[in-house]
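Some notes on the structure that comes next.
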Amino acid sequence: MNAVAAQTSPATASPTHAEAESLLEIRGLYKHFPLADGFLEQLHFEKGRLVRRNEQVHAINGVDLSVHRGEALCVVGESGCGKSTIARLVMGLLSPSAGDISYDGQRIDNMRGKQLLPYRQRMQMIFQNPYASLNPRMTIQQTLEEPLRFHHPNWTTPQVQDKVADVMASVGIDPEWGKRFGHEFSGGQRQRIAIARALAVDPEFIVADEPISALDVSIQAQVLNLLMDAQAERHLTYLFITHDLAVVEHFGTRVAVMYLGTVCELADTRSLFAKPKHPYTQALLSAIPRLEDDRPEHVRLSGEVPTPVHLPSGCVFHGRCPHAMERCRQEVPQLIVTDDGNQVACHAVEEGRI
Amino acid sequence: MALLEVSNLDVRFALRQGEVRALRDVSFTLDRGERLGIVGESGAGKSVAAFTLLNLIAKPGYIAGGSIRFEGNDLARMSARDLRRVRGNRISMIFQDPMMTLNPVLSIGEQMVESLKAHRRISTREARAIALHKLKQVYIPSPETRLHQYPHELSGGMRQRIIIAIALLLDPDIIVADEPTTALDVTIQAEIMTLLRELCEKHNVGLVLITHDLGVVSQMTQRTLVMYAGRVIEQGPTREIINDAQHPYTQGLLNALPQMTTPGSRLNQIPGSMPALSNTPSGCAFHPRCQYRYDASGQPRRDCLEEVPEFVTSGNCDVACHMVRDMLAKEAS
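Protein chains in written order, with the working numbering: chain A, 1 to 354; chain B, 355 to 687.
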């Protein structure tokens, strides 16, 4: 198992990220969702007059990210920060409002149908809730055969069945269970099946959207180990979406911290946890309930996350930031590269105030 | 005498498929102002334990045995009328989901006044004044406005703070909180937990905190109860349990946390999963997942398979494990 450690340990991750080959490139990504779909829903009665207002949820507001081959890039943030939207945009389940996504040098966000098919095989997704992501009317065997038959239409039935048996064994599911239905399994087993479905077509890139959040602690460890083993054996690249910072510290090569649809800090895991720079990252890290009793009091943030409907001006975090100044209220901070090669979007860091 | 004394509690659910034993032989005490954590994974029976404390188990569930003594009176055998005097008044409860707990058609003020007037003979004006005072205690910004607002106008963290204010409304002796922050984000969780702890300390309120998060227990409580498959398997001072857990399950649970291994290496997983309460293994319920179930010659231990382990005292902790019992016996001889 030492191989696993060597593969994923941040210590062995290449410090020269700029030179690392990037598999997925996200540039200037925006995604807005209309709050009201129809014309009638957009009408509001205000001060005795009927006005039409078309409000938008600004889920992603200018995100640049690249995922390097072989790494596990973790995207963390609280609910509503847009991390799951990123996962869905990358997988082509949503189309961006602006910006582009390229995979292996090829732009994929404007592709449709057949064009996208080869990429759908190379990129797979694992969803958060294994109770919802498995079709209740299909047996496990059918669930696992479906992607294979779809992507390899010329395979014979024995070929497909062999592959299914293979992949089931590799995630620790008894091939005998193939005849059963999803509801007959526990949450941990279901998530294994969902992972098996993703691995069945031999992808090189996996987007995992909170894959262990719905599971119990002892089961979380099992599934996380499985994901790390799969990475070592198959040289997978992960885009790992989570809100659990303890998992990030363990699993991630690099971390992108998101707040209200923007990336506020991007760093390799070790330096992020050792020395978080952005005030939001600092608050987030200090809020993890730790086992030790001698940790310092957590950084108290005032207020709560604003709604992504009316974004704050300037830095989106300024309303809760203890270091906010006039400039933060007016000017949107850009990601700047700090001396250790990491990136942070904060005026206070840039000016050397913190 | 302890403020709350639970002994040999046995809760069952009479289902069509047969009887499910949700709690077996659960005993613990809570002193005035003490904070107790109940940890376990889903299906361990911790939420049933919380509901039973207020005798809120609904059919087909029932309390089959044991007692819940609050100031000497057994809540398990109290009349509905007497129970109403305790619930919400002397012992109040905070539920898991702040979206579901508040009544959506009543304003915050109405809900608070309602529960005050249900327990005390006071005017609406007085009740509103108390409600306002409690909202200030939980640091709700502009509390006067909140009284007129409805739950849907407030964020999750704000709602949970209002629920804490309602729980404190009648100055209870005990608050039972069932996973109060599971639905919330980490920064809000940290805020709510700090608030809850400070208020309990300030007003000398006892807290029974149900959670699956060992980190939360470690930050919040003085004593901890670990549950597995409907039974308490280990209990003692929180620090001792976190630093030196005796039961193999507690050890496994702690060791499975990512922070217990160096980043990037394999996590220490416990094999298998929690058994269903309808189908708990014989003997020690943890034995199919336990690495100590074999004896020195590699044979499965008969006692783990067949006998339910009794509590033995190790340090300040009570542990229900045959292996720990043998180890202690060896040390003693």
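Every residue gets a Cβ at the ideal spot worked out from N, C-alpha and C, and that includes glycine.
Short CB-CB distance (under 8 Å) between residue i and chain B
i, result
"G188 (chain A)", "yes"
"P10 (chain A)", "Only weak support exists for where P10 (chain A) lies, its pLDDT of 43 falling under 50; the value from the coordinates is given anyway. Yes, its Cβ sits closer than 8 Å to a Cβ of chain B."
"D339 (chain A)", "no"
"T16 (chain A)", "Because the pLDDT of T16 (chain A) is 45, which lies under 50, any placement of that residue in the model is unreliable, and the question is left without a value."
"Q222 (chain A)", "yes"
"S79 (chain A)", "yes"
"T269 (chain A)", "yes"
"A324 (chain A)", "no"
"P289 (chain A)", "yes"
"L134 (chain A)", "no"
"A283 (chain A)", "yes"
"Q301 (chain A)", "A small fix is needed here, since residue 301 (chain A) is Leu in this sequence, not Gln. Taking Cβ atoms only, chain B reaches closer than 8 Å to L301 (chain A), which makes this a yes."
"H250 (chain A)", "yes"
"H298 (chain A)", "yes"
"W304 (chain A)", "The sequence as given places Glu at residue 304 (chain A); Trp does not occur at that position. Yes, E304 (chain A) lies at the interface with chain B (some Cβ there is under 8 Å from its Cβ)."
"S218 (chain A)", "yes"
"M228 (chain A)", "yes"
CB contact check: residue i to chain A, cutoff 8 Å
i, result
"N633 (chain B)", "no"
"Q573 (chain B)", "yes"
"V380 (chain B)", "no"
"Q600 (chain B)", "no"
"L621 (chain B)", "yes"
"H303 (chain B)", "Outside the shown range of chain B, which is 355 to 687, sits residue 303 (chain B), and nothing can be said about it."
"A485 (chain B)", "no"
"I494 (chain B)", "no"
"R370 (chain B)", "no"
"E395 (chain B)", "yes"
"P458 (chain B)", "no"
"A610 (chain B)", "yes"
"K607 (chain B)", "According to the sequence shown, residue 607 (chain B) is Leu rather than Lys. Output row for L607 (chain B): interface = yes."
Endpoints, alpha helix (DSSP H) assigned at residue i
i, result
"M138 (chain A)", "No alpha helix (DSSP H) holds M138 (chain A); DSSP gives it neither H nor E."
"G182 (chain A)", "Run containing G182 (chain A): none; DSSP gives neither H nor E here."
"G606 (chain B)", "P602 to N609"
"C321 (chain A)", "Where C321 (chain A) is concerned, there is no enclosing alpha helix (DSSP H), given that its DSSP letter is neither H nor E."
"A36 (chain A)", "Here A36 (chain A) belongs to no alpha helix (DSSP H), and DSSP marks it neither H nor E."
"M547 (chain B)", "V540 to H557"
"A312 (chain B)", "Residue 312 (chain B) is absent from the model: chain B starts at 355 and stops at 687."
"F273 (chain A)", "T269 to A274"
Contact check, residue i vs residue j, beta carbons under 8 Å
i, j, result
"R475 (chain B)", "I494 (chain B)", "no"
"L65 (chain A)", "I26 (chain A)", "yes"
"Q645 (chain B)", "P602 (chain B)", "yes"
"L23 (chain A)", "Y103 (chain A)", "yes"
"C671 (chain B)", "I595 (chain B)", "yes"
"T262 (chain A)", "V207 (chain A)", "no"
"V559 (chain B)", "L384 (chain B)", "no"
"E78 (chain A)", "V540 (chain B)", "yes"
"I140 (chain A)", "G178 (chain A)", "yes"
"V164 (chain A)", "L134 (chain A)", "no"
"L260 (chain A)", "C81 (chain A)", "yes"
"I564 (chain B)", "D525 (chain B)", "no"
"P87 (chain A)", "L224 (chain A)", "The amino acid at residue 87 (chain A) is misidentified as Pro; the sequence shows Ala. Taking 8 Å as the Cβ cut-off, A87 (chain A) and L224 (chain A) do not qualify as a contacting pair."
"M628 (chain B)", "E395 (chain B)", "yes"
Residue environment, residue i, which counts as buried when at least 16 other CB atoms sit within 10 Å
i, result
"F150 (chain A)", "exposed"
"I336 (chain A)", "exposed"
"D209 (chain A)", "buried"
"L553 (chain B)", "buried"
"K488 (chain B)", "buried"
"V678 (chain B)", "buried"
"S477 (chain B)", "exposed"
"L511 (chain B)", "Correcting the residue identity first, residue 511 (chain B) is Gly in this sequence and not Leu. Counting Cβ neighbours within 10 Å, G511 (chain B) comes out buried, since at least 16 surround it."
Nearest-angstrom beta carbon gap, residue j and residue i [assumed within contact, 8 Å]
i, j, result
"F382 (chain B)", "V586 (chain B)", "7 Å"
"P147 (chain A)", "R197 (chain A)", "6 Å"
"V255 (chain A)", "V76 (chain A)", "6 Å"
"L236 (chain A)", "E204 (chain A)", "7 Å"
"A348 (chain A)", "P279 (chain A)", "7 Å"
"T621 (chain B)", "A221 (chain A)", "Rather than Thr, the amino acid found at residue 621 (chain B) in this sequence is Leu. About 4 Å; that satisfies the 8 Å criterion."
"G606 (chain B)", "R378 (chain B)", "About 21 Å; that fails the 8 Å criterion."
"S668 (chain B)", "Q600 (chain B)", "5 Å"
Unbroken beta strand (DSSP E) run spanning residue i, endpoints
i, result
"R120 (chain A)", "Run containing R120 (chain A): none in the beta strand (DSSP E); it sits in the alpha helix (DSSP H), G113 to R122."
"A98 (chain A)", "A98 to Y103"
"M447 (chain B)", "I445 to I448"
"Q56 (chain A)", "Q56 to H68"
"F367 (chain B)", "L358 to L369"
So if I threshold CB-CB distances at 8 Å, which residues from the stretch 533 to 561 of chain B count as touching chain D?
Among the chains of the structure shown, chain D does not appear; the protein chains present are A and B.
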